[in-house]
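Below: one structure, written as structure tokens.
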Amino acid sequence: MEYPFGKIERKWQRVWREKRIFSAPQKSEKPKYYVLSMFPYPSGVLHIGHASNYSIGDAVTRLKMMQGYSVMQPMGYDAFGMPAENYAIQHNSHPRITTEENIAAMRSQFDGMGFGLDWDREVSTCRPDYYRWGQYIFKKLYEKGLVYRKKSFQNWCEECQTVLANEQVEDGSCWRCGSEVEQKELEQWYFRITDYAEELLDFSKIIDWPERVMTMQKNWIGKSEGAKINFMLENSETQIPIFTTRPDTIYGVTFMALPPEHPLVQAWLASEPDNKALHDFCRKVINEDKLLRSSAEAVKEGVFSGRYCINPLNGDKVQIWITNYVLMDYGTGAVMAVPAHDQRDFDFAKKYKIPIKIVIQKPDSSLVLEEMTEAYIEPGIMVNSQQFDGMESEAAKAAITEWAAQNGWGEQTFTYRLRDWGISRQRYWGNPIPVIHCPKCGVVLVPDRDLPVRLPDNVQVGRTTSNPLLSVPEWLNVSCPQCGEMARRETDTMDTFVDSSWYFARYADPKNDKEPFNPEQANYWLPVDQYIGGIEHACMHLLYARFFHKFMRDLGWVNSDEPFARLLTQGMVTKDGAKMSKSKGNTVDPQYIIDRFGADTLRVFLLFASPPEKDVEWSDDGVMGAFRFLNRVWRLIDGNQDLIVKGLSCNPGEIGEEIAELRYQVHHAIYRWTEDCLQRMQYNTAIASAMELLNAIVKIKEPEKLVDAELAVYGFACAALPKMLYPFAPHIAEELWEILRREKLLHESGLPGYEERYLQRDSITYVIQINGKLRGKLEVSPATSSETLQAMALEVENVKRCLDGLSVKKIIVIPGKMISIAAGK
RNA sequence: GCGAAAGUGGCGGAAUUGGCAGACGCGCUGGACUUAGGAUCCAGUGAGGCAACUCGUAGGGGUUCGAGUCCCCUCUUUCGCACCA
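Those letters in the first sequence? Residues 280 to 1104, by the working numbering.
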């Protein structure tokens, strides 16, 4: 007989809802705890990944409630973006309609999983009451000088009619639709995240993040120290600033390398419309996809510009080349090339027969120009570098930078790999940028009283050749808020990462219609105590959210430095070793599992299969195992309920050996469970402890024959099971708890408790090792002294045999564990 | 190429600080029972050996009374970054 999981799950979901136990109060005598899982894109169907991720957050939530915290676990929807637009197109509908339908469908599936979510705080980024405040924050960023427009070459997806972030280009193709990405010059809106680069490198205010996420962010930001040096264009006043991390090699510059995107190159192209070679080369390189262009295999190519510049340090006249191996986005976009000491420059110089000049000599002076087959990039002794000759090259870095600074040629500087955040998207289904373009006044921010700039409903959503917002004249054409003349709205919408960069704060005050959130309420809940989400967000979402949080702190809206105190990056669910996906055809429908075995079974399987941060391999047999386990627990407690209830009111007293062993087992299991749940977040072993406890209890074959004092232990052991299961299988746990006639609900019944004194057994087993090999065992009382143990060990028959012919050199006693004998000839 | 993490039975995984390797679950083998179930219960299950014992945590070396755990080298896998000047 299977336990009636369907009835039980519906019953307790109703009770939790009616008692509103997951509605987090704004004030509480208990300490607060904020649990947040990354909100989903509302696809309309719960997939196994959602079930897995949110089971972790729910386990944390229920544990912290048992522990006595006032817990908030909110949920919302990251509802803007291209998938929603595409979904609507496919279903011949409107994203507003399909998205709201999907949200309703997902919410009922979340409820079917029994997640303890505070639905009073639900947020959806596509609703005007939310995106209004995103526009408001945009204006604040603008007012603080953190927003600017820039014309630049962008990854352009013709299929999606939108700009893609570099991070959104995968192997030269659009990450959403897979079509080829080309380069197009566009005026774009940017957030100056680089202003916060230095602070974003500081993780000291974070309590517990995985080391590897912090490392990834550090590498992503990519700080490097170096010098900015201004070269002069020959016969001109034009400066060409370069950034270098190797100012010690500056006397070895033999050419300058510029990318085709460089403004100077663009100017030359404009002034020489007939220079076919130059035009062809530049067009070719610009349209090469950026990833391919920056791959190690790419062949270095270039054309001589016919122009020269002057090295300010020694007055050398240097050829300027236009190349495919320099990136406009990094440093100043111009590179001083030192072939002798940089491998890329070396390869390029060899290919185009550009001179090479050694300025750093190996310590053994063995470097000979004619014999060089590769660049010498190690430190060494300065040569051919005027007054710096003879210096150590590492010391010369600072000396040369200082010399250049004193003469006004340059300065010491830092540069970051991190680029400013391009937020413009040429799509309909996003948050409109609250800007009006006036022919007279220029860029004008939409006044607060006119916020939100609402998305018009009457657009043709489809694969049009331009942004659908352009097709709504009554929305597009407005009068200028400043001068009243006819003006035009900005039609770009914001990257959806903007929406998800502050939602964690909105949950604290989700219905506020005066401001994004009330600072006092936000500060009560923030920072998020436990954030849970995928590792794939390490460099984008998690970095953008930290940037926004620091900006909001600088505005005085929040008083913490970091949004997420602890981070858990959960693994994904795989099947046959691969990520589940429709295209691979290896998906599993969680709804089927819920209907057939119950949500509790699905949750226990997902949490038991591996630790939360590791991938879970799907296994139908594993699901059956979880189901069998819950059924065994059910039969034990449901079948012995009167006995257990009686035991719970019995007094302790004399007990037999078998029950003494059970008492040790139950206290030990609770101890392990507590450590695994609270200290280590290792739910797979916490569940294993509950299984071990069950196995220990069912060893008692005839509980009805137990005397009262023994029944007290038996009852205690059985009653521990619902508590231990509550974070993972809450429905069956509540039902069993009720069967045992406990009065409160489990979340207010406290953690299961163990007693230290029962973690000791009456006798303990010492193992005896001789030279590291197991040679015997010893059953003794825990109080046995070290000397006695040593003597006893030497009397063990097998030990005596193994020591025959050897002399004992040393005996080491590890209290409670082992006796180690070192012996030799 | 650089950086990070990992490698344990047939499988998923345990082993909190260096202290009985393989907890727990799956699978498998044998048995019991039967209201033949996606049941339940009992016993067994790293390899070799009749046994005493030997071997065993990717491979090789080292430190230690004692190493899955610490150190060095090699191999493999995964992830991140990648002409970053």
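All residues carry an ideal CB built from backbone N, CA and C; glycine is no exception.
Asked                                                                                                                                                            : Found
Could you check where the alpha helix (DSSP H) with serine 968 kicks off and where it finishes?                                                                  : 962-977
At what residue ranges does the segment 790-833 contain a whole run of the beta strand (DSSP E), taking only runs of 3 or more?                                  : 809-813
Ordered along the chain, which non-local residues of its own chain (more than five positions away) have a Cβ less than 6 Å from that of threonine 744?           : Summary for threonine 744: the model assigns pLDDT 48, below 50, so the residue's position carries little reliability; its value from the coordinates is reported in the next sentence. Once the five neighbours on either side are set aside, threonine 744 has no close Cβ partner at all.
Note down the Cα distance separating asparagine 910 from glutamate 281, rounded to an integer number of angstroms.                                               : 6 Å
Determine the burial state of leucine 1053: buried for a count of at least 16 other Cβ atoms within 10 Å of its Cβ, exposed for fewer.                           : exposed
Under a Cβ-count criterion, where at least 16 other Cβ atoms within 10 Å of its own Cβ denotes burial, should phenylalanine 693 be classed as buried or exposed? : exposed
Any idea if glycine 391 is buried or exposed, counting beta-carbon neighbours within 10 angstroms, 16 or more meaning buried?                                    : buried
Let's see if you can read the secondary structure: which residues bound the alpha helix (DSSP H) around tryptophan 897?                                          : Taken as a continuous stretch (DSSP letters only), tryptophan 897 belongs to no alpha helix (DSSP H), as it is neither H nor E.
For the ligand FAD, any of its heavy atoms closer than 7 Å to the Cβ of glycine 901?                                                                             : This structure does not include the ligand FAD; it has no bound ligands of any sort.
Rank Asn963, Arg959, Asp474 and Leu990 by C-alpha distance to the C-alpha of alanine 1008 and give the top, closest one.                                         : Asn963
Could you give the residue range of the beta strand (DSSP E) that holds glycine 585?                                                                             : 581-589
Where do the N-terminal and C-terminal ends of the alpha helix (DSSP H) with lysine 463 fall, by residue?                                                        : Careful: lysine 463 lies outside any alpha helix (DSSP H), inside the beta strand (DSSP E) at 460-470.
Which residue's Cα is closest to the Cα of valine 1046: Gly918, Gly1032 and Leu1068?                                                                             : Leu1068
Look at the alpha carbon of glycine 501 and the alpha carbon of threonine 528, and state the distance between them as a whole number of angstroms.               : 22 Å
Would isoleucine 976 pass as a contact of alanine 996 if the rule is Cβ separation under 8 Å?                                                                    : yes
Hey, how far is the Cα of isoleucine 416 from the Cα of serine 372?                                                                                              : 31 Å
Given a cut-off of 8 Å on the beta-carbon distance, is the pair lysine 790 and cysteine 762 in contact?                                                          : no
Kindly confirm or deny that the segment 390-409 and the segment 287-294 touch, where touching means at least three C-beta pairs closer than 8 Å.                 : yes
What number of angstroms, rounded off, separates the C-alpha of leucine 342 from the C-alpha of histidine 1026?                                                  : 8 Å
Please report the residue range of the beta strand (DSSP E) in which arginine 232 lies.                                                                          : Because the chain is modelled from 280 through 1104, residue 232 falls outside the range shown and cannot be assessed.
Could you pull the start and end residues of the alpha helix (DSSP H) that lysine 423 belongs to?                                                                : That residue, lysine 423, is in no alpha helix (DSSP H); it is neither H nor E in DSSP.
Buried or exposed, going by whether 16 or more other CB atoms sit within 10 Å of the CB of tyrosine 871?                                                         : exposed
The beta strand (DSSP E) with proline 520 in it runs from where to where?                                                                                        : 518-523
Check each candidate in Thr772, Asp771 and Asn802 and name the one with the smallest Cα separation from tyrosine 786.                                            : Asn802
On the three-state DSSP scale, how would you describe leucine 957?                                                                                               : helix
Should histidine 326 go down as buried or exposed, given a rule of 16 or more other Cβ atoms within 10 Å for buried?                                             : buried
For the alpha helix (DSSP H) holding asparagine 381, just list the boundary residues, first then last.                                                           : 374-392
Is methionine 903 buried or exposed, if buried means 16 or more other CB atoms sit within 10 Å of its CB?                                                        : exposed
Tyrosine 312: which of Gln809, Glu461 and Ser860 sits nearest, CA to CA?                                                                                         : Gln809
For alanine 965, tell me which candidate among Asn974, Thr953 and Met607 has the shortest Cα-Cα distance.                                                        : Thr953
Whole angstroms is fine: what's the gap from arginine 1036's alpha carbon to histidine 946's?                                                                    : 9 Å
Look at the alpha carbon of lysine 596 and the alpha carbon of methionine 535, and state the distance between them as a whole number of angstroms.               : 10 Å
Going by DSSP, what residues sit across from cysteine 436 in a beta bridge?                                                                                      : Thr441 and Val460
Three or more beta-carbon pairs under 8 Å between the segment 747-766 and the segment 715-735, yes or no?                                                        : yes
Considering only their Cβ atoms, is the gap separating alanine 338 from proline 869 smaller than 8 Å?                                                            : no
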